[in-house]
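In my numbering, the protein residues as written are 1 to 180. Just so it is clear, CB atoms sit at the ideal spot from N, CA and C, and this is done for glycine as well. Keep in mind the model is a prediction, meaning the values are calculated, not measured.
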């Protein structure tokens with residue numbers, strides 16, 4: 001029986017397929033590290049090999065700085081423009097004061113024109129009364145009266161326009177005073 005057992009074990013050993021079986025099974029996962037750039041742009045160089053160990057804060061690549069430089073110069077120009085706007089306000093105040101004086105002078109001139117127009121209307125009213133008296137005595141024509149009446153109407157319209165100009169100019173002066 002020992003003889004058979006020996007052959008049995010020998011046959012059993014011979015029945016193996018020849019493939020070696022693994023000792024253990026499992027999954028291996030790679031450790032991934034996300035690396036991000038401090039700025040956006042075209043990547044000019046990237047000098048890292050797979051599996052390479054890196055130190056913290058180590059520079060491993062470079063990005064095209066053109067866009068960043070353009071943004072920086074644009075921001076500097078904007079800042080400079082703002083600083084210039086905040087410059088000395090005295091010249092602007094002086095210009096506004098000059099505009100206010102000019103507007104006040106214009107108001108005064110228009111008011112003087114109002115006085116002249118009123119005087120012309122008064123003179124024409126007197127002339128109209130004289131012509132009406134002459135018409136009663138048949139010493140003047142109706143055309144003369146119509147001409148004077150037309151002139152009075154024109155001057156009255158002119159007077160109204162001048163009054164509106166004075167109001168408008170006074171409003172402009174008030175606006176300039178608030179700006180100063």
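In this structure residue 28 is exposed. Its beta-carbon is surrounded by fewer than 16 other beta-carbon atoms within 10 angstroms. The segment 149 to 163 makes contact with the segment 117 to 131; the number of CB pairs closer than 8 Å reaches 3 or more.
In this chain, the alpha helix (DSSP H) harbouring residue 167 covers 142 to 179.
The distance from the Cβ of residue 176 to that of residue 106 is about 12 Å, inconsistent with a contact at the 8 Å cut-off. Proximity to residue 48 across 40, 62, 42, 38 peaks at 62, based on C-alpha coordinates. Under the DSSP assignment, residue 44 falls in the beta strand (DSSP E) whose first and last residues are 43 to 46. Between residue 101 and residue 79, the alpha-carbon positions lie close to 35 Å from each other.
Using a 10 angstroms sphere on the CB of residue 40, the tally of other CB atoms stays under 16, which defines it as exposed. In summary, residue 103 is buried, with 16 or more beta-carbon neighbours lying within 10 Å of its beta-carbon over all protein chains present. Nearest in C-alpha terms to residue 45, of all of 55, 65, 32, is 65. Within the segment 45 to 74, the runs of beta strand (DSSP E) that reach at least 3 residues and sit entirely inside it are, in chain order, 61 to 63. For the options 141, 58, 30, the alpha carbon positioned closest to that of residue 51 is the one of 30. In this structure, the alpha-carbon of residue 142 lies about 7 Å from that of residue 135. Looking only at 160, 94, 70, 174, the smallest Cα-Cα distance to residue 113 is reached by 160.
Under the DSSP assignment, residue 138 falls outside any alpha helix (DSSP H); it carries neither an H nor an E label. Residue 102 sits in a helix when the DSSP states are folded into three classes.
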